[in-house]
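Undergrad:
Residue numbers (the numbering used here), protein chains in the order written: chain A, 26 to 412; chain B, 4 to 450.
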């Protein structure tokens with residue numbers, strides 16, 4: 026271990042302050058700190074520090090994403106083969122999925138981290154680890170056949186306009202991964218919706234429909250999948266959103282490690298359930314989605330993935346405890362409402378989260394205002410007493 | 004009737020290296036230092052010149068902006084040196100101590116039989132006023148104020164701290180006399196926070212309102228006690244006193260002598276002789292700390308709020324602890340991976356340390372990461388028992404937004420209330436110094 030450290034110190038030498046490559050220090054530091062937790066000691070404030078840091082937190086989220094990612098790879102391959110009438114072995118299916126998805130991840134990380142490094146060097150701060158999660162999320166919520174250049178463009182848009190324009194990590198208003206998806210959705214609608222894009226290479230096979238459940242419902246077609254299939258996720262859809270089971274495993278990791286807010290996840294599910302039940306009771310004629318049982322609303326489409334991995338983004342979400350309850354609940358509520366009332370695009374969770382991202386500061390403002398008012402009232406009472 | 008102060012939020016840190024409860028007389032310190040930095044915001048005006056002879060209790064300097072705030076010498080001897088820094092700012096006033104101590108005689112006074120102006124005059128004219136701290140801002144008390152209450156916390160919940168109960172045991176009489184004097188300074192109550200669990204003699208102290216404290220750190224912090232009893236409002240003043248200083252005040256009233264005796268618990272895994280040492284406020288570190296590991300951080304105070312000092316430096320005027328822990332200037336390979344290096348404590352559950360809540364940890368000064376943007380939310384609230392929004396207040400302080408700071412409760416906090424946030428936050432921001440910065444802005448703009 027010592028000689029590795031020694032070697033790294035040698036490599037880093039031209040980057041030390043005062044040397045010619047000093048400007049590129051954040052880049053080399055980012056690589057170094059992935060090998061070693063630095064030897065920095067406390068200079069101000071408390072002399073001791075907790076073991077947790079942003080790297081650890083972000084990697085925990087990445088770990089929580091792994092089950093859904095692996096399942097997504099298998100499912101992409103599986104859906105591809107069954108439309109051809111074949112029944113693939115697990116390995117075969119994963120291989121096909123990986124062939125499609127790994128390049129997307131490589132592009133997403135390559136382009137995104139490149140930008141992150143460039144901004145860190147430009148602004149002279151260390152590279153924030155947030156993109157490790159964003160960069161993995163972006164391919165996971167795309168249709169499997171999306172061209173790589175589109176992934177790259179979406180990443181550029183998300184990082185530049187979604188994040189850096191607001192001042193970088195911690196300052197963004199919208200969730201960067203969803204910004205990327207929203208960009209792709211509105212810029213290239215033909216690649217992002219319809220009934221030919223959800224299964225790998227479906228457009229090559231005429232007459233076979235690879236529609237998502239929500240797509241079929243919006244078109245008032247019969248659903249051929251049962252609840253168990255919806256829950257395990259052996260259905261067409263964006264790469265990693267189909268398996269509620271794998272997402273639940275991820276949610277469990279996030280909640281047990283306290284990295285993700287259980288309040289947002291729980292209140293989101295409650296919100297969606299409430300809205301789903303309202304529609305079930307109303308039972309509007311001619312809209313297949315209103316009759317869709319409320320519990321199935323929660324396990325199909327991007328809802329589960331969105332509420333677990335997108336809504337819990339601490340930067341773009343509500344920051345106060347009470348605010349998180351309201352924020353999650355409204356995401357669930359609006360998500361299902363948009364889903365049911367928007368036949369052009371049946372998946373509402375993306376728009377719902379983005380909408381609530383915008384309103385999160387307002388929610389927080391009113392929560393905090395309650396605290397402020399209490400303080401003002403105390404002061405008033407005091408003045409009255411002394412007067 | 005004792006009041007209960009019970010909090011749930013916070014963190015009890017179990018650390019290795021506690022001091023055993025035995026007293027040892029520290030070696031006589033050759034010199035003592037009075038450092039204006041220990042009396043935050045005080046700009047000193049020297050009374051004596053270098054070379055002057057003085058007794059214990061003679062005035063050394065006073066505050067430029069309030070002449071009644073005086074600092075007197077804790078020892079008799081010679082004013083050896085006034086060390087100055089940039090712009091001739093006074094850093095240390097070094098006093099060489101005599102072999103045998105001579106005390107200035109202030110005369111005996113029974114505070115209960117005297118009226119409050121006499122008591123107040125005596126406290127401020129003889130330099131005892133420096134032991135009174137003012138909230139908001141945590142600065143020396145202003146003699147012209149009348150605080151709405153006075154708070155003393157004799158239950159220190161921070162990790163590796165000296166036990167006020169143990170320190171005061173031999174000086175109960177003086178402590179009571181000090182309390183009697185303090186009651187004359189306020190129209191309100193004098194509160195004394197004690198550990199609810201212990202059946203301590205402190206609960207029999209008279210003329211105070213006893214607060215029975217229970218809960219994790221920062222239950223015993225003065226900020227918590229104030230918040231739970233009479234929360235601060237704009238324009239109000241509260242004074243706080245360290246328990247041992249109450250005894251110093253009491254002794255001066257009872258005997259007429261200013262005896263700035265400081266009991267210091269030497270703690271921390273790197274210190275070898277971990278006991279309670281009796282010495283003088285501002286004494287040399289080496290008079291009580293001889294044997295310790297190389298590559299150590301010496302902290303005058305506790306690991307959360309203390310001041311870094313050198314082995315040949317001086318103790319903080321107020322601190323009852325001297326904590327010595329290893330410096331963490333080492334690299335840890337892949338130490339950022341979750342569930343790696345579980346021997347380092349973490350409040351988050353990305354380390355297995357949460358499975359062993361009773362385990363005692365050895366700590367060092369490594370930051371365990373680097374400073375990052377504020378990303379994670381909700382973690383600060385877990386260690387903040389006060390009814391304020393810590394992250395929002397920190398941001399208001401960073402922005403220097405006076406109105407926001409005020410409405411979010413800046414008057415109710417001092418940096419030490421944010422010490423646990425320093426410790427636990429994922430982004431490794433320096434919450435205490437940010438709050439101090441905010442308080443400084445308020446101090447100059449609002450006062």
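Here a beta-carbon is modelled for each residue, glycine too, at the ideal position from N, C-alpha and C.
Bear in mind the structure is a predicted one, so any value in this text is a computation, not a measurement.
Buried or exposed: which applies to residue 283 of chain A, given that a residue is buried once 16 or more other Cβ atoms fall within 10 Å of its Cβ?
TA: On the first chain, residue 283 of chain A is found 258 positions in, with the first residue counted as 1. It is buried - the Cβ of residue 283 of chain A has at least 16 other Cβ atoms within 10 Å.
Undergrad: Any idea what DSSP makes of residue 232 of chain A, helix, strand or coil?
TA: Translated into positions along the first chain, residue 232 of chain A becomes position 207. Per-residue confidence for residue 232 of chain A stands at a pLDDT of 49, beneath the threshold of 50, marking its modelled position as unreliable; the derived number appears in the next sentence. Coil at residue 232 of chain A, not helix or strand.
Undergrad: Quick one: does residue 381 of chain B have its CB under 8 Å from some CB of chain A?
TA: Here residue 381 of chain B is taken as the residue at index 378 of the second chain, counted from 1. Chain A, which has a Cβ nearer than 8 Å to the Cβ of residue 381 of chain B, makes this yes.
Undergrad: Quick one, which residues of the region 66 to 81 of chain A are near chain B if we go by CB-CB under 9 Å, in chain order?
TA: Those would be 66, 67, 68, 69, 70, 71, 72, 73, 74, 75, 76, 77, 78, 79, 80 and 81, in chain order.
Undergrad: Under 8 Å between the Cβ atoms of residue 329 of chain A and residue 388 of chain A?
TA: Here residue 329 of chain A refers to the residue found at position 304 of the first chain. Here residue 388 of chain A refers to the residue found at position 363 of the first chain. No, Cβ-Cβ distance for residue 329 of chain A and residue 388 of chain A is not below 8 Å.
Undergrad: Look at the Cβ atom of residue 24 of chain B, then the Cβ atom of residue 279 of chain B, and state whether they are nearer than 8 Å.
TA: For the purposes of this step, residue 24 of chain B is identified with residue 21 of the second chain, where counting begins at 1. For the purposes of this step, residue 279 of chain B is identified with residue 276 of the second chain, where counting begins at 1. Yes. Within cutoff.
Undergrad: Less than 8 Å between the beta carbons of residue 122 of chain A and residue 138 of chain A, yes or no?
TA: Here residue 122 of chain A refers to the residue found at position 97 when the first chain is read from its first residue. Here residue 138 of chain A refers to the residue found at position 113 when the first chain is read from its first residue. No, the Cβ-Cβ distance between residue 122 of chain A and residue 138 of chain A is not below 8 Å.
Undergrad: What's the call for residue 46 of chain A, buried or exposed, on a 16-neighbour Cβ count within 10 Å?
TA: Within the first chain, numbered from 1, the residue matching residue 46 of chain A stands at position 21. Residue 46 of chain A should be labelled exposed.
Undergrad: Within the same chain, show all residues whose beta-carbon is closer than 7 Å to that of residue 146 of chain A, passing over the 5 residues directly before and after it, in chain order.
TA: Residue numbering aside, residue 146 of chain A sits at position 121 when the first chain is read from its first letter. The answer, listed in chain order, is 48, 49, 51 and 52.
Undergrad: Given residue 43 of chain A, which residues of its chain have a CB within under 8 Å of its CB, disregarding the five upstream and five downstream residues?
TA: Stepping through the first chain from its first residue, residue 43 of chain A is reached at position 18. Once the five neighbours on either side are set aside, residue 43 of chain A has no close Cβ partner at all.
Undergrad: What residues in the region 384 to 404 of chain A have a beta carbon less than 7 Å from any beta carbon of chain B?
TA: Listed in sequence order: 393, 396, 397, 400, 403 and 404.
Undergrad: Exposed or buried, which one is residue 86 of chain B when buried takes at least 16 other CB atoms within 10 Å?
TA: Counting from 1 along the second chain, the entry for residue 86 of chain B is found at position 83. Exposed, since its Cβ has fewer than 16 Cβ neighbours within 10 Å.
Undergrad: Can you list the alpha helix (DSSP H) stretches of 4 or more residues lying completely in the region 286 to 367 of chain A, in chain order?
TA: Correct list: 287 to 307, 313 to 316, 319 to 324 and 346 to 366.
Undergrad: Please classify residue 326 of chain B: is it buried, with 16 or more other beta-carbons within 10 angstroms of its beta-carbon, or exposed?
TA: Here residue 326 of chain B refers to the residue found at position 323 of the second chain. The residue is buried, with at least 16 neighbouring Cβ atoms inside 10 Å.
Undergrad: Please report the distance separating the alpha-carbon of residue 229 of chain B from that of residue 352 of chain B.
TA: Counted from its first residue, the second chain places residue 229 of chain B at position 226. Counted from its first residue, the second chain places residue 352 of chain B at position 349. Going by the C-alpha atoms only, they are around 32 Å apart.
Undergrad: Please compile the residues from chain B whose C-beta is within a distance smaller than 7 Å of the C-beta of residue 286 of chain A.
TA: Translated into the one-based positions of the first chain, residue 286 of chain A becomes position 261. The contacting residues are 381.
Undergrad: Can you name the residues of chain B whose CB is closer than 9 Å to the CB of residue 344 of chain A?
TA: To locate residue 344 of chain A, count along the first chain from 1; it is residue 319. The answer, in chain order, is 380, 381, 392, 394 and 395.
Undergrad: Do residue 196 of chain B and residue 214 of chain B have their C-beta atoms within less than 8 Å of each other?
TA: As a working note, residue 196 of chain B is residue 193 in the second chain. As a working note, residue 214 of chain B is residue 211 in the second chain. Yes, the Cβ-Cβ distance between residue 196 of chain B and residue 214 of chain B is below 8 Å.
Undergrad: Could you tell me if residue 445 of chain B is buried or exposed, where buried requires 16 or more neighbouring beta carbons within 10 angstroms of its beta carbon?
TA: Position 442 of the second chain, counted from the first residue, corresponds to residue 445 of chain B. Buried is the call here.
Undergrad: Quick one: which residues of the region 87 to 114 of chain A get their C-beta closer than 8 Å to a C-beta of chain B? List them in chain order.
TA: Answer in chain order: 88.
Undergrad: Ordered along the chain, which non-local residues of its own chain (more than five positions away) have a Cβ less than 6 Å from that of residue 140 of chain A?
TA: Taking the first residue of the first chain as 1, we reach residue 140 of chain A at position 115. Here the set comprises 184.
Undergrad: Are the C-beta of residue 148 of chain A and some C-beta of chain B separated by less than 8 Å?
TA: One-based indexing of the first chain puts residue 148 of chain A at position 123. So no, residue 148 of chain A is outside the interface.
Undergrad: Could you tell me the distance, in whole angstroms, from the CA atom of residue 277 of chain A to the CA atom of residue 166 of chain B?
TA: Within the first chain, residue 277 of chain A is the residue found at index 252, counting from 1. Within the second chain, residue 166 of chain B is the residue found at index 163, counting from 1. Spanning the two alpha carbons is a distance of roughly 42 Å.
Undergrad: Report yes or no: is there a C-beta of chain B within less than 8 Å of the C-beta of residue 43 of chain A?
TA: Counting from 1 along the first chain, the entry for residue 43 of chain A is found at position 18. No, no contact with chain B.
Undergrad: For a test of the three-state rule: what should DSSP assign to residue 327 of chain B, helix, strand or coil?
TA: For this step, residue 327 of chain B is matched to residue 324 along the second chain. DSSP places residue 327 of chain B in strand when its eight states are reduced to three.
Undergrad: Please report the Cβ distance between residue 180 of chain B and residue 114 of chain B, rounded to the nearest whole angstrom; I am assuming they are in contact, meaning their Cβ atoms lie under 8 Å.
TA: In the second chain, residue 180 of chain B corresponds to position 177, counting from 1. In the second chain, residue 114 of chain B corresponds to position 111, counting from 1. So it is a contact: roughly 7 Å between Cβ atoms.
Undergrad: Could one say the Cβ of residue 296 of chain B lies closer than 8 Å to chain A's Cβ atoms, at least one of them?
TA: By one-based count along the second chain, residue 296 of chain B stands at place 293. No - not a single Cβ of chain A is within 8 Å of the one on residue 296 of chain B.
Undergrad: Find the residues of chain A that neighbour residue 26 of chain B, judging by a C-beta separation of less than 9 Å, and give them in chain order.
TA: In the second chain, residue 26 of chain B corresponds to position 23, counting from 1. Neighbours of residue 26 of chain B on chain A: none; closest Cβ ~26 Å, over 9 Å.
Undergrad: Please tell me whether residue 335 of chain B has its Cβ less than 8 Å away from any Cβ of chain A.
TA: Position 332 of the second chain, counted from the start, is the residue given in the question as residue 335 of chain B. Closer than 8 Å: yes.
Undergrad: Are the C-beta of residue 30 of chain A and some C-beta of chain B separated by less than 8 Å?
TA: Residue mapping note: residue 30 of chain A aligns to position 5 of the first chain, counting from 1. Judged by the 8 Å Cβ criterion, residue 30 of chain A is in contact with chain B.
Undergrad: Who pairs with residue 66 of chain A in a beta bridge, going by DSSP?
TA: In the first chain, counting from the first residue as 1, residue 66 of chain A sits at position 41. According to DSSP, which records beta bridges pairwise, residue 66 of chain A is partnered with B:369.
Undergrad: By the criterion of Cβ-Cβ separation under 8 Å, what are the contact partners of residue 60 of chain A in chain B?
TA: The residue labelled residue 60 of chain A in the question sits at position 35 within the first chain. Within 8 Å Cβ-Cβ: 336 and 337.
Undergrad: Counting along the chain, where does the beta strand (DSSP E) carrying residue 215 of chain B start and finish?
TA: Your numbering for residue 215 of chain B matches position 212 in the second chain. 212 to 217 is the span of the beta strand (DSSP E), which, as asked, contains residue 215 of chain B.
Undergrad: Cβ of residue 211 of chain B within 8 Å of Cβ of residue 130 of chain B?
TA: Position 208 of the second chain, counted from the first residue, corresponds to residue 211 of chain B. Position 127 of the second chain, counted from the first residue, corresponds to residue 130 of chain B. Going by C-beta atoms, residue 211 of chain B is not nearer than 8 Å to residue 130 of chain B.
Undergrad: Which residues of the region 180 to 196 of chain A have a Cβ closer than 8 Å to any Cβ of chain B? Give them in chain order.
TA: Here the close residues are 193, 194, 195 and 196.
Undergrad: What are the partner residues of residue 287 of chain B, as DSSP defines its beta bridges?
TA: The residue you call residue 287 of chain B lines up with position 284 of the second chain. DSSP, once it has assigned bridges, lists B:317 as partnering residue 287 of chain B.
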